[in-house]
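The numbering of the sequence shown is the working numbering, which starts it at 98 and goes up by one.
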Amino acid sequence: MGEKIVGFHAIEEGLKGALRGSVLYLERGAGARVQRIEHLAQANGKVIIKKVPKADLDRMSGGADHRGAILDLAVSAQTSQAKLQRLDVKEFVRRLGDDDGALVLVLDEVTDVQNLGAILRSADQFSVSLVILPERRSAQINPTVVKVSSGAAHYVPTTRVVNLNREIEYLKEAGFWVYGAALGGQSLFETSFPKRTVLVMGSEGKGISQMTEKLCDHLVTIPTSGHIDSLNVSVATGIMLYEVRRQQQG
């Protein structure tokens with residue numbers, strides 16, 4: 098079959114785009130929450146519903162906490178949803194009006210799927226216009242990412258690019274200012290963000306790559322006072338996205 102999704106929120110979002118051939122596996126005798134998912138699948142009208150023993154779900158999930166439900170998306174359903182969230186950078190810029198603002202998030206070598214899922218959830222909440230990921234050295238949007246994002250991965254416009262720096266340069270030519278998250282940068286709360294902002298977040302281990310950092314117009318840091326010198330990248334991304342959007346909408 099296709100992509101197996103676990104987690105109630107992720108399954109509910111997956112059912113909205115599920116096409117014929119997808120299968121929803123439900124634990125026999127499960128509770129009200131699983132019954133609600135069954136009703137959503139029935140309303141979809143295209144999803145096959147199968148009631149199975151818990152042992153079967155345990156085996157299918159590979160040890161993940163399925164909580165009595167697994168959605169197996171057909172390949173066609175996965176392709177359809179991927180098309181909904183994919184957006185080429187040049188096409189994205191062409192769609193912007195001359196006076197339109199936007200917030201673009203660039204993830205430079207974020208390889209942990211848990212972090213990527215949490216980041217996409219924040220990106221959805223703060224209406225990020227586009228998320229750009231490199232084709233290499235980046236986490237893939239897989240069932241774990243979908244689950245951690247609570248299904249937000251299906252809605253956030255994303256694109257994968259061969260050359261991250263080339264796309265950043267193109268965005269700068271289109272009137273975007275680029276802000277990179279880095280230790281020792283200017284305080285986030287003393288930074289002014291324009292209506293067209295690119296926010297670059299690097300990996301937890303290495304941060305932003307040298308070449309990418311050179312393309313940033315400003316380096317920004319979140320002031321903290323703890324014993325550890327940096328935040329988890331998904332937490333830091335959420336804080337920065339909030340501040341950028343607060344200023345853009347203020």
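Yeah, the Cβ is synthetic: ideal placement off N, Cα and C, and Gly gets one too.
query, result
"The beta strand (DSSP E) enclosing residue 276, as first and last residue numbers", "274-284"
"Neighbourhood of residue 181 by C-beta distance below 6 angstroms, restricted to the same chain and skipping five residues each side", "The predicted position of residue 181 is uncertain, since its pLDDT is 39 and thus under 50; no value can be drawn from it."
"Euclidean distance between Cα positions of residue 314 and residue 265", "11 angstroms"
"Distance between residue 339 and residue 201 (C-alpha atoms, nearest Å)", "13 angstroms"
"Three-state class that DSSP yields for residue 309 in the structure shown", "helix"
"Of the listed residues 290, 130 and 102, nearest to residue 169 (C-alpha basis)", "102"
"One or two residues paired with residue 169 in a DSSP bridge", "101 and 120"
"DSSP beta-bridge partners of residue 304", "300"
"Which of helix, strand or coil DSSP assigns to residue 253", "coil"
"Selection from 229, 171 and 245 that minimises the alpha carbon distance to residue 118", "171"
"Best match in 216, 227, 123 and 152 for proximity to residue 243 [C-alpha to C-alpha]", "216"
"Exposed unless 16 or more other CB atoms sit within 10 angstroms - verdict on residue 306", "buried"
"Anticipated Cβ contact below 8 angstroms, residue 267 with residue 295, distance rounded", "About 10 angstroms; that fails the 8 angstroms criterion."
"Through-space distance from residue 310 to residue 232, alpha-carbon basis", "19 angstroms"
"Proximity of residue 254 and residue 235 at Cβ, strictly below 8 angstroms", "no"
"Start and end residues, beta strand (DSSP E) containing residue 317", "315-318"
"Proximal residues to residue 283 (C-beta, below 6 angstroms), its chain only, five neighbours per side dropped", "317"
"Rounded C-alpha distance that separates residue 177 from residue 323", "Because residue 177 carries a pLDDT of 44, less than 50, the predicted location of this residue cannot be relied on, and the following value inherits that uncertainty. So the alpha carbons of these two residues sit roughly 44 angstroms apart."
"For residue 107 and residue 281, the rounded distance between their alpha carbons", "37 angstroms"
"Straight-line Cα distance separating residue 133 from residue 124", "13 angstroms"
"Proximity test, Cβ basis, 8 angstroms: residue 319 and chain D", "No chain D appears in the structure shown, which is made up of a single protein chain."
"For residue 341, the first and last residue of its enclosing alpha helix (DSSP H)", "330-346"
"Residue 240 - containing alpha helix (DSSP H), residue span", "240-245"
"CB contact flag (residue 330, residue 308, <8 angstroms)", "no"
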